[in-house]
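**Student:**
In the UniProt record's numbering, the protein residues as written are 1 to 204.
1. Using 8 Å as the cut-off, can you tell me whether the stretch 82-90 makes contact with the stretch 153-173, which would need three or more C-beta pairs spanning the two stretches below that distance?
2. Using a Cβ-Cβ cutoff of less than 6 Å, which residues in the same chain neighbour residue 121 once the five nearest sequence positions on both sides are dropped?
3. Give the DSSP bridge partners of residue 124, in chain order.
4. For residue 90 and residue 98, I'd like the C-alpha separation in whole angstroms.
5. Are the CB atoms of residue 125 and residue 70 nearer to each other than 8 Å?
6. Check residue 84 in the structure and name its three-state DSSP category.
7. Rounded to a whole number of angstroms, what is the C-alpha to C-alpha distance between residue 55 and residue 87?
8. May I ask which residues mark the beginning and end of the beta strand (DSSP E) holding residue 139?
9. Alpha carbon to alpha carbon, how far is residue 195 from residue 106? Give it in angstroms, no decimals.
10. Mark residue 130 as exposed unless 16 or more other C-beta atoms lie within 10 angstroms of its C-beta, in which case mark it buried.
11. Which residue from 191, 162, 101 puts its Cα closest to that of residue 110?
12. Return the residue from the list 190, 163, 143 that minimises the CA-CA distance to residue 92.
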């Protein structure tokens, strides 16, 4: 399981995930986070939770999840926005990693305050979803050959936000009774990531 989470933290873009030299893996908060991840993944039945309907293409199915995750992440961000500020979170970090931002507009990986990173990420996902070359609006146009790579990057970056929120703003989730909903969201995201990286996912 550790290798799966390591892969998920770094994703297919290692230049944007830098290890923090002063991070202590044995810290109580990180242990709590890791235990939460382990419990969420324990006994997950992927065929039940994230089974693609027989009459739906796996590309369409994944695309619908990307849209759903985008909307849910927007809602989750609103829960912690008042406590995640440039002052409280001057860099986007999660556990042993500092996360840098890089896209077609910022070609060089850049350090951003967590709130700016998250908002930039949401804007970026929005742009991906509304790019008809990546997410065709109807069946008359096929998904691109790199669709799996695009989805993987989106999932990895959304997971980074989860790590930041759980390690830095979990108390805020508890105060607003948002832990259960966040856990269900995270569990579904983790399950989808496992499915995308599974050997049988090559037809993507």
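Cβ coordinates follow ideal geometry from the N, Cα and C atoms, glycine included.
**Tutor:** Answer, in terms of the structure:
1. yes
2. By one-based count along the chain shown, residue 121 stands at place 121. Once the five neighbours on either side are set aside, the close Cβ partners of residue 121 are 157.
3. Here residue 124 refers to the residue found at position 124 of the chain shown. Paired residue(s): none; residue 124 is not in a bridge.
4. Taking the chain shown and counting its residues from 1, the one referred to as residue 90 is at position 90. Taking the chain shown and counting its residues from 1, the one referred to as residue 98 is at position 98. Spanning the two alpha carbons is a distance of roughly 11 Å.
5. Position 125 of the chain shown, counted from the first residue, corresponds to residue 125. Position 70 of the chain shown, counted from the first residue, corresponds to residue 70. Yes, the Cβ-Cβ distance between residue 125 and residue 70 is below 8 Å.
6. Mapped onto the chain shown, residue 84 falls at position 84. Residue 84 falls in the coil class under three-state DSSP.
7. Residue 55 sits at position 55 when you count from the first residue of the chain shown. Residue 87 sits at position 87 when you count from the first residue of the chain shown. Whole-angstrom Cα-Cα distance: 49 Å.
8. The residue given as residue 139 occupies position 139 in the chain shown. That residue, residue 139, is in no beta strand (DSSP E); it is neither H nor E in DSSP.
9. Your numbering for residue 106 matches position 106 in the chain shown. Your numbering for residue 195 matches position 195 in the chain shown. Looking at the two C-alpha atoms, the distance is approximately 30 Å.
10. To locate residue 130, count along the chain shown from 1; it is residue 130. Looking at its Cβ environment, which holds fewer than 16 other Cβ atoms inside 10 Å, residue 130 is exposed.
11. Working through the chain shown from its first residue, we reach residue 110 at position 110. The candidate whose alpha carbon is nearest that of residue 110 is 101.
12. Taking the first residue of the chain shown as 1, we reach residue 92 at position 92. Among 190, 163, 143, the Cα nearest to that of residue 92 belongs to 163.
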